[in-house]
Amino acid sequence: MRYYLGIDGGGTKTAFLLADEEGREAASSVMGGCSYREIGTEGFGRVLREGIEAVLRQAGVSFEQIVRAAVGIPCYGESPAGDEALEKELRRVFAGCDYMAVNDVRVGWAGSLDMQPGIHIVAGTGSIAYGENAAGCCARSGGWSTFFGDEGSCYWLGRRTAELFFKEADGRVPRGALYERMWRRLGLKHLTDAVDILETEYAPCRDKVASLQRILLEAARDGDPAAIRLYGKAAEELSLLVEGTARELHLGEEPFAVSYSGGLFHAGAFVLKQLEQNVSHIGGYLREPSHDPVWGAVQLARKGR
């Protein structure tokens, strides 16, 4: 039996899915994030090897039975030097096996839209949009840098969650549910404790900053108007990613599909309602993803493109 391997890498987690030649799932596994900008190329390779070993062991098959692998990689295609280092590590990991490497947003598109024309948004730790039109042309928008990008992502919202907390703390905006939740979640005794905790424990780690978005979501569910507005702003930023991608692909004369994946969308209607309205204004329509990104990686591996 021959097998295809799909890998969906991310800043927080990396998913592995092994499928047989009939497209049936044989094994799956989830490891930690594999962003080389966070853990280095050696760390990237280590995550891949551990995940591959896990699914092969689970399925009871050998590495030699993998026909092709497709790997969705955070930040891939954004730095010639970075890509060169990643390719060097990939050749080690997949020695003797055919593989293809793409930016992680493309596996999201392949899974959510079944490799059909349209645009896919990834909003997890970071954010980016990718699309393809009927002619096979592709384009992306956003996702350029943590420093000056990732708008609308969990990381972007995490930073604004901390900002909102201190604005509520010093009276710049009225206090809402977020204020008390942050005190409890961070285990604060004094307000100044939050500065040390956020700067030393959170700021150096993108995934920990992104996790602050969960507190914001709890506050939004409690009816905190400032928290709800922040989700609206995130939806506006994601809408701009769609608009930029659609413009590059000359979409809009006919209705086009827009799908999504990533941890931010656990916020549900707080993001999706506004996003749906904004997307409709530029000729698109929002649709739920058909499959997970890791299944999209398997599809790319099976089709070899």
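If you read the sequence shown in numbering that gives the first Met the number 0, its first letter stands for residue 0, the second for the next number, and so on. Glycine included, C-beta positions come from ideal geometry on N, C-alpha and C.
Using a threshold of 8 angstroms, state whether the C-beta atoms of F43 and A68 are closer than that.
no
From T145 to M0, what does the alpha carbon distance come to, in whole angstroms?
Taking the straight line joining both Cα atoms gives about 43 angstroms.
Given a threshold of 16 other Cβ atoms within 10 Å of its Cβ, counted over all protein chains shown, does F147 qualify as buried or as exposed?
exposed
For the 8 angstroms Cβ check, are there 3 or more pairs between the stretch 261 to 270 and the stretch 74 to 81?
Under the three-pair Cβ rule at 8 angstroms, the stretch 261 to 270 does not count as touching the stretch 74 to 81.
Ends of the alpha helix (DSSP H) at S144?
Careful: S144 lies outside any alpha helix (DSSP H) and carries neither H nor E.
Which listed residue (R23, L185 and D82) has its alpha carbon closest to that of Y3
Closest by alpha carbon: R23.
Would you tell me roughly how many angstroms separate the C-alpha atoms of A133 and Q115, rounded to the nearest one?
Going by the C-alpha atoms only, they are around 8 angstroms apart.
Classify A296 as buried or exposed, calling it buried when 16 or more other Cβ atoms lie within 10 Å of its own Cβ.
Buried, by the Cβ-count rule.
Once DSSP output is grouped into helix, strand and coil, what is the label at H280?
Collapsing the DSSP output to three states places H280 in a helix.
What do you reckon, are the CB atoms on G267 and V241 nearer than 8 angstroms?
It is not a contact, given that the beta carbons lie outside the stated cut-off.
Kindly list the residues whose CB is nearer than 8 angstroms to the CB of L85, restricted to its own chain and excluding five residues on each side of it in sequence; keep chain order.
Y35, T40, F43, I72, Y75 and A100
Is it buried or exposed for E63, if we count other Cβ within 10 angstroms and need 16 for buried?
exposed
8 angstroms Cβ cutoff met for G157 and L211:
For G157 and L211, yes; Cβs fall inside 8 angstroms.
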